[in-house]
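By my numbering, the letter at position 41 of the sequence shown is numbered 148, and the numbering carries on one by one without gaps.
Backbone N, C-alpha and C fix where the C-beta goes; we use that ideal spot for every residue, glycine too.
Predicted model only: the values in this text are computed from it and were never measured.
Some notes on the structure that comes next.
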Amino acid sequence: MSSLVLTITETLRYRGALGQWSWVLHRISGLGVVLFLTLHVIDTSWSVFYPALYVKAIAVYQTPLFTIGEFALIAAVVYHALNGLRIAILDYRPALWRYQARAAWIVLGASVLLLIPVFILMFGHVLNFYNDPERRVLPFADVLESQLPFAVGIVLAVVAGVLYSGIHGVIAPRKETPTDNMFRRPVGSRWEKFWWSYMRVSGFLIVPLVFGHLAMMHVIQGVFDITAADYVTVGTNVVNQTGTSVEFVANRWNYLVGGIAVWRLYDIALLALTVIHGFNGLRYVLTDYTADSTLIRRGMIYTCIIGALILLMVGGLALLGTIDQTAIRMAEEAVAKLHP
Ligand code: HEM
Ligand code: HEM
């Protein structure tokens with residue numbers, strides 16, 4: 108914890124050069140996207156397991172608070188991706204590090220340039236929605252209530268990680284050799300080198316996947332079109348006849364090209380790469396600020412490992428599942444109850 112205080116005070120004291128601020132922005136944007144991803148994978152799985160809950164989750168995405176969050180999310184993904192590419196390229200060609208300040212400015216400028224047209228297009232979808240006299244928006248109290256279980260879940264996950272770490276400390280006390288377990292290996296170990304490379308390689312692979320996903324969900328269609336009845340998706344003839352978010356996901360996941368469910372494959376790759384990258388990044392951050400206590404530090408590592416495994420399992424099972432007509436009927440009933 109004292110290292111967290113130190114990081115904040117030192118950043119403010121130096122009023123960091125751009126390099127310092129870009130490090131802070133990279134960290135905050137990465138954390139914001141991990142938080143969103145955690146909620147997002149869990150609620151996307153409801154389209155298979157609890158259709159009524161999924162209907163509510165998408166209705167929550169369409170409220171003003173989440174619309175503001177959606178703009179922030181896009182900004183975070185764009186900045187983090189471009190800055191991540193800068194880090195990876197400079198690491199690959201260390202001779203270029205002397206241009207790193209200029210590169211940091213280029214990343215900032217390129218992010219702004221990219222975000223201007225994207226925000227204009229997204230804003231067009233928001234205006235269309237609010238100009239529609241038939242729009243239906245959930246009350247703010249419902250939005251808060253729907254997020255409470257996630258907040259409790261995150262706190263419980265951290266407590267469970269620390270408790271598990273405590274139990275581990277009692278039944279398997281630490282030996283004094285510096286390489287006795289994977290968490291105590293010195294920096295530069297093979298294990299850490301693997302993660303260092305993974306963060307860079309996965310970053311390159313995530314860029315097209317996540318940008319493609321966001322283009323489909325924000326720019327081409329927009330979050331409000333997920334529940335637009337009879338909406339014909341771009342380039343295909345898939346029609347969402349019931350206008351439910353559950354049918355929207357069913358149509359995408361059942362869409363076949365040459366007998367292959369292409370969007371399921373796309374989402375599997377997106378899920379695996381982003382969850383492992385994001386939770387390993389979360390591990391970097393949490394262990395940076397808990398270096399003072401072995402118990403808490405190890406607890407944070409367990410929280411990240413268990414959190415990533417749960418998300419991979421929940422998201423993976425949903426992607427292998429089937430959304431049938433019964434689920435779509437349940438979604439229609441849920442819409443009728445949500446907006447009587
Ligand atoms: C508000 C912004 C977003 C919306 C509205 C959205 C929408 C959706 C929808 C409708 C699906 C269902 C499947 C499909 O149609 O492909 C989905 C799945 C998925 N999205 Fe997003 N998405 C958003 C942002 C993101 C971001 C930023 C990421 C990555 C960091 C992401 C990662 C995923 C993953 C991994 C899946 C598969 C989930 C699973 O297996 O349960 N999404 N998204
Ligand atoms: C879009 C493409 C992306 C690229 C190019 C990228 C690149 C990177 C790079 C190079 C690092 C530094 C790793 C290190 O210091 O060893 C990093 C850290 C991180 N990334 Fe990403 N990333 C991307 C997407 C994501 C996504 C989707 C998430 C969330 C699910 C995420 C979350 C994080 C976190 C939390 C960190 C740790 C930050 C820190 O240590 O300060 N990244 N990323």
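Note on geometry: alpha-carbon atoms of Arg359 and Phe226 lie some 25 Å from one another. Here the alpha carbons of Gly365 and Val185 stand approximately 33 Å from one another. Setting aside the 5 residues that flank it on each side, Val382 is surrounded in the same chain by Leu144, Val148, Ala415, Leu418, Leu419, Gly422, each with a C-beta closer than 8 Å to its C-beta; the list follows chain order. His384 has its CB nearer than 6 Å to a heavy atom of ligand 2. Between Phe318 and Ile333, the C-beta spacing is not below 7 Å. If only complete runs of 4 or more residues are kept, the region 340-385 shows the alpha helix (DSSP H) at 352-360, in order along the chain. In the DSSP annotation of this structure, the continuous segment of the alpha helix (DSSP H) that includes Met306 starts and ends at 297-321. Comparing alpha-carbon positions, the option among His325, Lys444, Thr429 lying closest to Trp153 turns out to be Thr429.
For Ala183, the enclosing alpha helix (DSSP H) has its first and last residue at 171-199. Counting the other Cβ atoms within 10 Å of the Cβ of Gly231 gives fewer than 16, which makes it exposed. Taking C-beta separations shorter than 6 Å and ignoring five residues to either side along the sequence, the partners of Gly329 in its chain run His232, following chain order. Taking Trp212 as reference, the option from Leu132, Leu380, Gly268, Leu125 with the minimal CA-CA separation is Leu125. Shown here, Leu402 sits in a helix according to DSSP, grouped into three states. Around the beta-carbon of Asp374, 16 or more other beta-carbon atoms lie within 10 Å, marking it buried. Relative to the non-hydrogen atoms of ligand 2, the Cβ of Gly139 never comes closer than 6 Å to any of them. DSSP, read as helix, strand or coil, puts Thr334 in helix. A direct Cα-Cα distance of roughly 45 Å separates Leu270 from Gly216. In this structure, the C-beta of His147 approaches ligand 1 to less than 6 Å from one of its heavy atoms.
Taking a contact as a CB-CB distance under 8 Å, the pair Val353 and Tyr161 counts as one, their CB atoms being some 6 Å apart. At least one heavy atom of ligand 2 sits closer than 6 Å to the Cβ of Met306. A residue is called buried when at least 16 other Cβ atoms come within 10 angstroms of its Cβ; Asp399 does not meet this threshold and is exposed. For Asp239, the three-state secondary structure derived from DSSP is coil. If you keep only unbroken alpha helix (DSSP H) runs of at least 4 residues inside the region 237-275, you get nothing at all. When distances are taken from the beta-carbon of Ala188 to the heavy atoms of ligand 2, the shortest one is below 6 Å. If you check the C-beta of Val442 against ligand 1, you find no heavy atom less than 6 Å away. For Ala279, the three-state secondary structure derived from DSSP is coil.
A residue is called buried once 16 or more other Cβ atoms fall within 10 Å of its Cβ, and Phe331 is buried on that count.
With fewer than 16 other Cβ atoms from the protein chains shown falling within 10 Å of its own Cβ, Leu263 counts as exposed. Proximity to Thr174 across Phe247, Val155, Pro224, Arg209 peaks at Phe247, based on C-alpha coordinates.
With a cutoff of 7 Å on beta-carbon distance, Gly385 and Val155 are scored as not near each other. C-alpha of Gln207 to C-alpha of Phe178: approximately 28 Å in a straight line. Taking non-hydrogen atoms of ligand 2 into account, the C-beta of Leu144 is found less than 6 Å away from one of them. Of Ser218, Ser304, Val266, the smallest CA-CA separation from Ile408 is found for Val266. Rounded to whole angstroms, the gap between the alpha carbons of Asp239 and Phe311 is 40 Å.
Buried is the label assigned to Tyr168, since at least 16 other Cβ atoms lie within 10 Å of its Cβ.
Relative to the Cα of Ser304, the nearest Cα in the group Gly176, Ile135, Asn387 belongs to Asn387.
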